[in-house]
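Protein chains in written order, with my numbering: chain L, 185 to 407; chain Z, 185 to 407. All C-beta atoms, glycine included, are put in the ideal place defined by N, C-alpha and C.
2 protein chains.
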Amino acid sequence: MERLLKTMKIGINEKIYLKDPESSDLGKRILEHSINLINEIGFENFTFRKLGTLIGSNESSIYRYFENKHKLLLYLSSWYWGWLEYQLVLATNAITNPSEKLKKTIEIFTKKTEIDSSFPHINEVLLNRIIINEYSKSYLTKEVEQENKDGYFEIYKRLIERISQMITNVNADYKYPASLASTILEGSFHQYFLQEHFPSLTNCDENNTPSAYFNDLVFKSLK
Amino acid sequence: MERLLKTMKIGINEKIYLKDPESSDLGKRILEHSINLINEIGFENFTFRKLGTLIGSNESSIYRYFENKHKLLLYLSSWYWGWLEYQLVLATNAITNPSEKLKKTIEIFTKKTEIDSSFPHINEVLLNRIIINEYSKSYLTKEVEQENKDGYFEIYKRLIERISQMITNVNADYKYPASLASTILEGSFHQYFLQEHFPSLTNCDENNTPSAYFNDLVFKSLK
DNA sequence: GCAAATATAATAGTATTACTATCAAATAAT
DNA sequence: ATTATTTGATAGTAATACTATTATATTTGC
């Protein structure tokens with residue numbers, strides 16, 4: 185995968201970090217290796233101390249970039265949603281037929297993630313796994329109300345609103361475009377989780393992709 | 185709401201607890217007040233020490249019932265799924281028409297929870313909120329593989345398999361009964377979460393219930 | 001009604017987590 | 001070359017997530 189706009193940077197709400205991790209070498213190493221470490225040991229077991237040891241840096245230095253690991257997770261997920269939005273716009277912008285556009289959108293959200301060489305310090309494949317396994321934890325908190333006001337979920341919300349709009353463009357009479365958009369997004373990540381850990385609770389596997397399931401679901405709904 | 189089978193007890197995998205909390209007064213107080221406290225401060229901030237203070241008991245006494253708060257969450261959710269299964273069977277058993285049966289099932293999963301006076305130490309309304317806000321955390325862990333083998337999610341899985349079977353009974357040719365069943369279950373709880381915290385990401389509100397949305401979704405899919 | 005068994009409470013202690021503060025050393029900018 | 005900025009090292013605190021021990025109730029069996 186090759187990026188078209190070489191100078192593009194995923195724009196993330198500045199309140200999420202104390203110091204922009206994209207602005208320094210240490211910052212980029214924090215991003216790169218936090219993705220590896222969270223994948224390896226899970227978000228609950230992940231600590232800044234362990235990350236510091238891993239990258240040969242100091243715990244206190246990491247705290248200068250992020251207040252805590254929750255903020256780091258918000259950063260990583262915002263990055264992911266921003267990246268996905270970029271993929272989405274790139275893949276669907278030229279399509280004029282609303283159904284084709286929506287079909288492509290479902291594909292973008294449900295297909296297997298591939299490495300994007302444009303961002304060498306971000307492993308999108310592992311980041312996708314973090315979204316599947318940890319993203320819910322970033323909003324299932326007592327602070328969600330305030331953090332939503334602070335705009336920490338804006339890219340995610342914008343993505344769903346985009347899908348919602350595309351649904352309406354296919355069928356303006358459909359009554360639940362936002363709900364269906366949310367279902368597609370959360371649901372497709374959940375189907376991947378089930379595939380790995382609870383295969384009896386899904387029909388998705390090598391032959392039946394989540395893509396096929398959601399295409400069926402969405403287009404029957406909009407008929 | 186009145187229970188028909190007075191002696192019924194929700195059966196929970198014995199490996200989840202060290203000592204059956206239903207077997208003593210302290211155990212029941214642990215269940216009752218953990219539901220209140222988790223609702224109030226959230227699962228992350230909840231500790232056995234705080235719970236002990238609240239119920240005028242000792243931290244170490246609570247540890248004799250549950251290894252840790254994760255196990256307590258597994259207990260509470262198993263109880264909830266068992267209770268829902270009971271509601272489901274009761275409400276649908278007599279229905280012979282497969283479509284009617286499935287319609288009733290969707291209603292059971294999406295309707296607002298009401299207090300069940302049969303279990304005075306369990307507040308089902310608050311427990312429902314815990315499921316909405318905390319259940320994902322019980323399986324989004326590094327231990328999910330082992331805990332699944334140990335049977336900690338069996339009631340949840342059985343519930344989804346029941347819905348899946350009902351879907352197949354309506355349309356035997358439908359290719360994704362398990363995936364759709366998972367989508368109904370996770371999705372309906374998620375729609376309630378969105379209603380409360382991200383209303384722009386759902387069309388469900390006082391007038392448009394999640395029930396209506398999922399009925400539309402499911403029956404169009406099965407046509 | 002009493003002894004034995006069991007359940008609960010009180011206290012203390014450990015390792016880890018989630019930070020904050022301070023100061024020194026390295027690096028970059030002017 | 002001086003100053004400012006960034007990073008590293010060390011130490012310290014309060015809270016968490018437990019375990020262990022012993023004392024005190026309470027229940028049960030005979």
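Interface flag for L/G240 against chain Z is unset, since no Cβ pair is found closer than 8 Å. Using a C-beta cut-off of 8 Å, the region 315-333 of chain L makes contact with the region 377-386 of chain Z, since at least three inter-stretch Cβ pairs fall below that distance. Between the region 212-229 of chain Z and the region 308-322 of chain Z, the count of C-beta pairs closer than 8 Å reaches three or more; the two stretches touch. With a threshold of 8 Å between beta carbons, Z/G335 makes no contact with chain L. Under the criterion of beta carbons closer than 8 Å, Z/E318 and Z/F227 qualify as touching, at roughly 5 Å.
Inclusion of L/S208 and L/E291 in the CB contact set at 8 Å is not warranted, their separation being larger than that value.
Secondary structure of Z/A278 (DSSP, three-state): coil.
A distance of 8 Å or more separates the beta carbons of Z/W267 and Z/I196.
Counting along the chain, L/K333 sits inside the alpha helix (DSSP H) bounded by residues V328 to K333. Z/L385 belongs to the set of residues whose beta carbon lies under 8 Å from a beta carbon in chain L.
Contact annotation: in the region 221-238 of chain L, residues whose CB is within less than 8 Å of a CB in chain Z are I225, G226, E228 and N229. For Z/E269, the nearest beta carbon of chain L is not closer than 8 Å to its own beta carbon. Around the C-beta of Z/A278, fewer than 16 other C-beta atoms lie within 10 Å, and the residue is accordingly described as exposed. With at least 16 other beta carbons inside 10 angstroms of its own, Z/Y397 counts as buried. Among the CB atoms of chain Z, none fall inside 8 Å of the CB of L/P205. Rounded to whole angstroms, the Cβ separation of L/G371 and Z/T367 is 5 Å, and the two are in contact under 8 Å.
When the five nearest sequence neighbours on each side are left out, the beta carbons in the same chain lying within less than 6 Å of the beta carbon of Z/E216 are those of H305, in order along the chain. Pairing Z/S261 with L/V309, the inter-Cα distance amounts to about 32 Å. Assigned with DSSP and collapsed to three states, Z/M192 falls in coil, not helix or strand. Annotation: Cβ neighbours of Z/Y397 in chain L (cutoff 7 Å, chain order): Y360 and S363.
Following the DSSP letters along the chain, one finds Z/I246 inside the alpha helix (DSSP H) bounded by residues E243 to Y247. Going by beta carbons, L/A365 and L/I339 fall outside the 8 Å limit. For the region 302-328 of chain Z, the set of positions with a beta-carbon nearer than 7 Å to some beta-carbon of chain L reads N317, E318, S320, K321, L324, T325, K326 and V328 in chain order. Our two residues, Z/L258 and L/F377, have alpha carbons roughly 19 Å apart in a direct line. Judged by DSSP in its simplified three-state form, L/G240 adopts coil rather than helix or strand.
According to the DSSP assignment, Z/L343 belongs to the alpha helix (DSSP H) that extends over E338 to V354.
Taking C-alpha positions only, L/N252 is separated from L/Y201 by approximately 9 Å. By the Cβ neighbour-count rule, Z/I299 is exposed, with fewer than 16 other Cβ atoms within 10 Å of its own.
Counting only residues of its own chain and dropping the five nearest sequence neighbours on each side, Z/K295 has a CB closer than 7 Å to the CB of S395. Residues of the same chain with a CB within less than 6 Å of the CB of L/N355, apart from the 5 flanking positions on each side, are L406 in chain order. Under the 8 Å criterion on CB atoms, Z/K199 is classed as non-interfacial with respect to chain L.
Collapsing the DSSP output to three states places Z/L202 in coil. At least one CB of chain Z lies nearer than 8 Å to the CB of L/N332.
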